[in-house]
Amino acid sequence: AQKITQTQPGMFVQEKEAVTLDCTYDTSDQSYGLFWYKQPSSGEMIFLIYQGSYDEQNATEGRYSLNFQKARKSANLVISASQLGDSAMYFCAMREGLPSGSNYKLTFGKGTLLTVNP
Amino acid sequence: DAGITQSPRHKVTETGTPVTLRCHQTENHRYMYWYRQDPGHGLRLIHYSYGVKDTDKGEVSDGYSVSRSKTEDFLLTLESATSSQTSVYFCAISAGTGDWETQYFGPGTRLLVL
Chain A
21 AQKITQTQPG MFVQEKEAVT LDCTYDTSDQ SYGLFWYKQP SSGEMIFLIY QGSYDEQNAT
81 EGRYSLNFQK ARKSANLVIS ASQLGDSAMY FCAMREGLPS GSNYKLTFGK GTLLTVNP
Chain B
3 DAGITQSPRH KVTETGTPVT LRCHQTENHR YMYWYRQDPG HGLRLIHYSY GVKDTDKGEV
63 SDGYSVSRSK TEDFLLTLES ATSSQTSVYF CAISAGTGDW ETQYFGPGTR LLVL
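Following this line, the structure appears as structure tokens:
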């Protein structure tokens, strides 16, 4: 079974609107971390936001927020007030277990391609 | 910017030739990783290092070897390149402490094996 599932291969949103990118995960660990990365057409991987499994509040970073629903094992990325520069591939990733270097390996989903229309 | 560079940034090679990709970091991070990115697969871990001369295999390590003789450099070697190793290769480091430890990526290397 896939550990990270991103069910939306592509999404479209109008500029200035909000958009939610879905991510579900599968783990039996009690401690884990969830990450979102952005990959623009230029190819670099840009870290956006992090949510720890013990965090009670949803993570926020500027226009990015992570809608963390532990019971549903979902960690959706919400981008508010979309901008043209948000057009990119977005990857959800998971770290299982406590971060201790040697087991700090990320498992990635297959990504969602977001297109922001003017 | 986590001070990560990769070289070369682009490479075209022929099947059966050896290839070495270099990842260089300037901030003395202990942990370094090599991933490959292929369409429909996201990023998959090839090898990682948790210190000088300390390395371990990831999910897709067959056909690859790594070396880390000094903290700042992590080398990925394809001993005999195959067309299935055509991919984009990313190096990453982990930075931060405790639960806030996060991986940051280099710019990537595009490798084409003909």
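Listed in order, the protein sequences are those of chains A and B.
Using our numbering, read the first sequence as starting at 21 and increasing by one per residue.
Using our numbering, read the second sequence as starting at 3 and increasing by one per residue.
Cβ atoms here follow ideal geometry from the backbone N, Cα and C, with glycine treated the same way.
All figures in this text were calculated on a predicted structure; none of them were measured in a lab.
Exercise. Does the beta carbon of residue 126(A) sit closer than 7 angstroms to a beta carbon anywhere in chain B?
Worked result: yes
Exercise. Taking only runs of the beta strand (DSSP E) that begin and end inside the stretch 52 to 102 of chain A, which ones reach a length of at least 3 residues, in chain order?
Worked result: 52 to 59, 66 to 72, 84 to 89 and 94 to 99
Exercise. Quick one: which chain A residues come within Cβ less than 8 angstroms of residue 42(B)?
Worked result: 130
Exercise. Per the contact definition of three or more C-beta pairs closer than 8 angstroms, is the stretch 38 to 45 of chain A in contact with the stretch 93 to 113 of chain A?
Worked result: yes
Problem set entry | Coarse secondary structure for residue 23(B), derived from DSSP in three states | strand
For this session: Please classify residue 89(A): is it buried, with 16 or more other beta-carbons within 10 angstroms of its beta-carbon, or exposed?
Result: exposed
Exercise. When DSSP labels each residue in this structure, what does residue 77(B) get in the three-state scheme?
Worked result: strand
Exercise. Based on Cα-Cα distance, which residue from 85(A), 62(A) and 22(A) lies nearest to residue 56(A)?
Worked result: 85(A)
Exercise. Mind pulling the chain A residues with CB within less than 7 angstroms of residue 105(B)?
Worked result: 126
Exercise. Terminal residues of the continuous beta strand (DSSP E) containing residue 67(B)?
Worked result: 66 to 72
Exercise. Excluding sequence positions up to five away, which residues of its chain have a Cβ less than 7 angstroms from the Cβ of residue 128(A)?
Worked result: 24, 111 and 113
For this session: Report yes or no: is there a C-beta of chain A within less than 7 angstroms of the C-beta of residue 5(B)?
Result: no
Problem set entry | Extent of the continuous beta strand (DSSP E) to which residue 99(B) belongs | From DSSP, residue 99(B) is part of no beta strand (DSSP E); its letter is neither H nor E.
Problem set entry | Buried versus exposed, by CB contacts within 10 Å (16 or more), residue 12(B) | exposed
Exercise. Name the DSSP bridge partner or partners of residue 30(B)?
Worked result: Looking at the DSSP assignment, residue 30(B) forms no beta bridge with any residue, so it has no partner.
Exercise. Does DSSP put residue 105(A) in a helix, in a strand, or in coil?
Worked result: helix
Exercise. Is residue 26(A) helix, strand or coil when you go by DSSP?
Worked result: coil
Exercise. At a Cβ cut of 7 angstroms, what residues of the stretch 63 to 97 of chain A count as close to chain B, listed as they run along the chain?
Worked result: 63, 64, 65, 67, 70 and 72
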